[in-house]
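Note sheet for the following structure.
Residue numbers (the working numbering): 7 to 77.
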């Protein structure tokens, strides 16, 4: 099979997928406000912890304490 066909078919399919794709519809902020208020009231969010895991030489799991598997 010629090289141009080997490269042309995936390129054609890639371009075709871009033409056939659709964007998501716009969401009205007023319609999701109750959900977002619940999220804020529940105190959910991203918790970033950079404690013991960021220290070199400290094992990240008790299961691998001293680099030995206890089981």
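Even for Gly, the Cβ is constructed at its ideal location relative to N, Cα and C. As the structure is a prediction and not an experimental result, all values here were calculated from the model.
Alpha carbon to alpha carbon, how far is residue j from residue i? Give it in angstroms, no decimals.
{"i": "residue 25", "j": "residue 43", "result": "37 Å"}
{"i": "residue 17", "j": "residue 11", "result": "10 Å"}
{"i": "residue 37", "j": "residue 27", "result": "25 Å"}
{"i": "residue 49", "j": "residue 31", "result": "28 Å"}
{"i": "residue 20", "j": "residue 47", "result": "44 Å"}
{"i": "residue 45", "j": "residue 23", "result": "36 Å"}
{"i": "residue 33", "j": "residue 39", "result": "11 Å"}
{"i": "residue 29", "j": "residue 14", "result": "26 Å"}
{"i": "residue 8", "j": "residue 35", "result": "53 Å"}
Which of the three DSSP states is assigned to residue i in this structure?
{"i": "residue 49", "result": "coil"}
{"i": "residue 8", "result": "coil"}
{"i": "residue 35", "result": "helix"}
{"i": "residue 43", "result": "helix"}
Near residue i, which residues of its chain fall below 7 Å by C-beta distance, leaving aside the five closest residues on each side in sequence?
{"i": "residue 41", "result": "none"}
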